[in-house]
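Asker:
In UniProt numbering, the protein residues as written are 1 to 724.
1) If I follow the unbroken beta strand (DSSP E) through residue 607, where does it start and stop?
2) Does the beta-carbon of residue 599 have 16 or more other beta-carbons within 10 angstroms, so that it is buried, or is it exposed?
3) Let's see if you can read the secondary structure: which residues bound the beta strand (DSSP E) around residue 189?
4) Return the Cβ separation of residue 801 and residue 128 in integer angstroms, given the expectation that the two are a contact with Cβ distance under 8 Å.
5) Taking just the CA atoms, how far does residue 557 sit from residue 563?
6) Relative to the alpha-carbon of residue 583, which residue among 532, 347, 100 has its alpha-carbon at the smallest distance?
7) Check whether the segment 278-294 touches the segment 91-106, counting contact only when three or more Cβ pairs, one atom from each stretch, lie closer than 8 Å.
8) Looking at residue 312: is its Cβ nearer than 9 Å to the Cβ of residue 575?
9) Does the segment 132-147 come within contact of the segment 588-599, defined as at least 3 CB pairs closer than 8 Å?
10) Curious, which full-length alpha helix (DSSP H) runs of at least 4 residues does the segment 481-551 contain?
11) Quick check: what's the CA-CA separation for residue 260 versus residue 380?
12) Is the separation between the beta-carbon of residue 538 and that of residue 139 shorter than 9 Å?
13) I need the straight-line Cα distance from residue 689 to residue 552, nearest angstrom please.
14) Extract the residue ranges of the alpha helix (DSSP H) inside the segment 286-349, only unbroken runs of 4 or more that lie entirely within it.
15) Which residue wins for smallest C-alpha separation from residue 408, given the options 470, 386, 641?
16) Could you give the uninterrupted runs of the alpha helix (DSSP H) lying entirely in the segment 136-177, keeping only those of 4 residues or more?
17) Measuring only the C-alpha atoms, how far is residue 256 from residue 398?
18) Determine the burial state of residue 186: buried for a count of at least 16 other Cβ atoms within 10 Å of its Cβ, exposed for fewer.
19) Does the segment 189-203 come into contact with the segment 606-615, if we say contact requires no fewer than three beta-carbon pairs (one atom in each stretch) closer than 8 Å?
20) Given that a residue counts as buried once 16 or more other Cβ atoms are within 10 Å of its Cβ, and exposed if not, what is residue 225?
21) Residue 426 to residue 163, Cα distance in whole Å?
22) Cα separation between residue 663 and residue 114?
23) Alpha carbon to alpha carbon, how far is residue 577 from residue 220?
24) Spell out a yes or no on whether the segment 410-426 and the segment 142-161 are touching, meaning 3 or more CB-CB pairs, one atom from each, closer than 8 Å.
25) Measure from the alpha carbon of residue 232 to the alpha carbon of each residue in 315, 448, 509, then state which is nearest.
26) Would you report the Cα separation of residue 157 and residue 566, rounded to the nearest angstrom?
27) Could you have a look at residue 602 and say whether DSSP puts it in helix, strand or coil?
28) Check this for me: beta carbons of residue 461 and residue 263, under 9 Å apart or not?
29) Using the C-alpha atoms, what's the distance from residue 73 back to residue 334?
30) Quick one: residues in its chain with C-beta nearer than 6 Å to the C-beta of residue 320, no 5 flanking neighbours on either side, listed in chain order?
31) Using C-beta distances below 7 Å, list every residue in its chain close to residue 277, excluding the 5 sequence neighbours before and after it, in chain order.
32) With DSSP collapsed to three states, give me the class of residue 185.
33) Per DSSP, what kind of secondary structure is residue 597 in: helix, strand or coil?
34) Only counting runs of 4 or more residues, tell me where the alpha helix (DSSP H) segments fall wholly within the segment 361-446, in order along the chain.
35) Residue 217 to residue 602, Cα distance in whole Å?
36) Should residue 101 be labelled buried (16 or more other beta-carbon atoms within 10 Å of its own) or exposed?
Below you can see the structure in the form of structure tokens.
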């Protein structure tokens, strides 16, 4: 600072400093703004540190376009759950009636909380760790918990992408390898593989050819080398997409976000042309209104809304942190939320059009098999020919004719009917067979595609779609890890990304052993649900009750240029926390009521069987929940009792290109204002213009901090919204 500056003169004067910072600056001589530092800590100017701060604040990566950002958020939100979870829940919970609770909860829980995460990420321009350290340092564990949950989810989610990669490459052959049971030679006799014959070709291919699954989680069986290679390919794809941050992942999103819609539309058009597709869609959307009164339906709808938007993972915050501060994140939140909903509906139409076709195929097969049984009984005089209606033609037997014949035989042979072993062969029964997850994608859907003309083409398209859906979600999930860690610890982006992928691959080998599918089920059921619910509740409380809803609304008004609807004020402050607390309670009760277990494939029986987790697996399960939740109380205790510094008890002000940025030093809580402004803060007018900088909770002016307790200003990051 120049020797003749007024600030320097006052350093050697005994007079009280009464001018505001604005007055001081108004009389200062022009200096290099990059090196002009009002340092209230007495520290010398550090060129390297100053350069790092400026680079961090002003050269943060940004999206190339608004479209790229929207596609990234859509790619993250729209994932495998939209294709194989939502249709199952819709069928299970009342068909079309399920859409009502889902939409209601999307509006009162999903949209407000999604908007909240977009807003804090865009405003503070940090990953989840930096955002929650800033808003409430004592709840800074939220960011670390989000990173851990992202890591757990990424571990098994990429395994599913690996499975899809395996099926993708297997689809380049005709006929498809899962269309028929394999033939094995027993000496000179060729017979159908017993396990396949007792189940189905697609089921056998999934459990035996793909997973080579063991009979229980206790039987490791060693690594499945085919799945290990596919997992390596999956992590390589994720690493290549993430290695340059949003510069690389943003370009990937153009394809990975849009391609699934192309495939879904193609499948819908093709599906609607299939025989029986309308039966499936009608069954899907026939509302069962009584289901709307079932609390379980609302609980499952809330859980689906919660996970469909990726709340609590940190990916939403990470993506929005690369936005400009004047971006309309309210529009983004509304757009992405409803695109996500309509994608789920589109996927449901596709799934049930195809499953309706499959149900018709399976029903016809049932009719043929049972008609052969009846012919056998007629030829052996077990049944009389008089029981067969005269218009029935066994060479062209329809489902309607069979059902009529079935009812007659059941009425006449009432006492001995069960001994005949005849099935009703009702289309409704086939449509009611609920399938979800891997059962839908790798068994039911693949079986339906074997009956498509040009089935390899459709199989390639379907599994390429799954790979892209998974990749879009994985990029968002990994961003929930890399962005906050890179922001907080300043590690090299490329090195950390590669190291993270390698480490995750090595840990993920547990999922590609022969019992790996059971670990995927465990992680899917227990590693994220409860910890993420707690995380989102604390996010909501941190903003609405600790930071202050009114203050947050004012910040949004300054950032967006308009005041958000009052609807958000009440949902953030009351509705969402209550609903999330109810959801968390219901989830805990559900965990207590439903004993932890998994569906094991028993090779000898060629059937699934529900088994309870052994003691050691229960220990892993409980450890997952505790480990994901541990940062929350740990960080709170450490900062509450000042065992670690939250970096919030000091302030230095730096002027750079018209921006004011808050940094951290070592002043006491009540000293900053008096040192900078005057002996008595209340005597000094506010130096800042009407359009104020973004400050920590409880501040009334940018420099007015005398009443702020320790720990209020988080990680010390501030980016004013004044234009450059």
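We put the beta carbon where it would ideally sit given N, CA and C, even for glycine.
Answerer: Reading it off the structure:
1) 607-612
2) exposed
3) 189-192
4) Nothing about residue 801 can be read from this structure; the chain reaches only from 1 to 724.
5) 5 Å
6) 532
7) yes
8) no
9) no
10) 493-507, 516-526, 529-541
11) 55 Å
12) yes
13) In this prediction, residue 689 has a pLDDT of 38, which is less than 50 and means its spatial position is unreliable; what the coordinates show is noted afterwards. Using only the alpha carbons, I get a separation of about 19 Å.
14) 295-308, 315-320
15) 386
16) 141-170
17) 44 Å
18) exposed
19) yes
20) exposed
21) 33 Å
22) Legend: pLDDT at residue 663 = 40, less than 50; position of this residue unreliable, value from coordinates given subsequently. So the two alpha carbons sit approximately 29 Å from each other.
23) 42 Å
24) no
25) 509
26) 38 Å
27) strand
28) yes
29) 12 Å
30) 118, 121, 122
31) 271, 353, 356, 357
32) strand
33) strand
34) 399-412, 417-420, 427-431
35) 11 Å
36) buried
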